[in-house]
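Input: a single structure, listed below in structure tokens.
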Amino acid sequence: MRIPAVLATAHVDVDADGHLHIDIDGKPFAADRPLTRNDLSSALDEVTTSLGTAVRVQVRESDGTTYTDIATPPQAESTVDISEPGAALPMPGLHGTGFTPGEEVALAFVVARRPADANGQTAVHLPPALAAAHRHGLVLLGMTSQIIVTVEQPT
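Adding 1491 to a residue's 1-based position in the sequence shown gives its number in the working numbering.
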């Protein structure tokens, strides 16, 4: 999945009757059909699938309450092309050399930063959808100390 430097934002306004009014970066979405709370998940799946990437979601309730989350595209059957060993890597992409043959190489995408307190501890809170999508493989990396702490989340 390609991840742009700046995510598109889905603004979702929920009126007092539970009807949704959605725009993507100011452009109306599904204005030709009525949407309710029950349609939110499928509407966001439609948006992320058409864009081919995650989107930031801002929900504004009629009482003024707001929520922000990240919606990711539904899992595809297979979107990874496997190259033959020794084949040139496709462009564009991220490339690196110097790894041990067979070594797993991870790419970490920074979604939040928080300073450590006076005791060297921190807590980073992720939106529920983002935390669920990335339950395994999360690490906390000290950008100065280079300390890496594996995050264990309950299942």
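Even for Gly, the Cβ is constructed at its ideal location relative to N, Cα and C.
Here the structure is a predicted model, which means the values were calculated and not measured.
Bounding residues of the alpha helix (DSSP H) (the contiguous stretch that carries residue i)
i	result
Asp1536	1531 to 1542
C-alpha gap between residue i and residue j, whole angstroms
i	j	result
Arg1441	Asn1529	Because residue 1441 is not part of the residues shown, which for the chain are 1492 to 1646, the question remains open.
His1616	Asp1523	36 Å
Ile1515	Pro1592	43 Å
Leu1511	Ala1499	18 Å
Gly1543	Asn1610	41 Å
Ala1614	Val1505	31 Å
Ser1651	Gln1612	Since the first and last residues shown for the chain are 1492 and 1646, residue 1651 lies out of range.
Val1602	Gly1517	23 Å
Glu1568	Thr1557	Model confidence at Glu1568 stands at a pLDDT of 42, short of 50, so the residue's coordinates are unreliable; what they give is reported in the following sentence. C-alpha separation (whole angstroms): 34 Å.
Ile1561	Glu1537	14 Å
Leu1631	Pro1525	42 Å
Val1546	Thr1559	11 Å
Ala1501	Ala1521	12 Å
Pro1565	Pro1519	22 Å
C-beta atoms of residue i and residue j nearer than 8 Å
i	j	result
Thr1540	Thr1563	no
Ala1607	Ser1553	no
Gly1555	Thr1527	no
Assumed close pair residue i, residue j - CB separation to whole angstroms, cut-off 8 Å
i	j	result
Val1550	Leu1535	Wrong, their Cβ atoms sit about 10 Å apart, outside the cutoff.
Val1497	Ile1513	At roughly 19 Å, the Cβ-Cβ gap does not stay under 8 Å, so Val1497 and Ile1513 are not in contact.
Run of the beta strand (DSSP E) containing residue i, from where it starts to where it stops
i	result
Asp1504	1500 to 1505
His1510	1510 to 1515
Ala1562	1557 to 1562
Gln1549	1546 to 1551
Pro1592	That residue, Pro1592, is in no beta strand (DSSP E); it is neither H nor E in DSSP.
Pro1519	1518 to 1520
Reduced DSSP secondary structure (H/G/I, E/B, other) of residue i
i	result
Arg1605	coil
Ser1574	Annotation note: pLDDT 47 at Ser1574 (below 50); position unreliable, coordinate value reported separately. Looking at Ser1574 - three-state DSSP - the assignment turns out to be coil, as it is neither helix nor strand.
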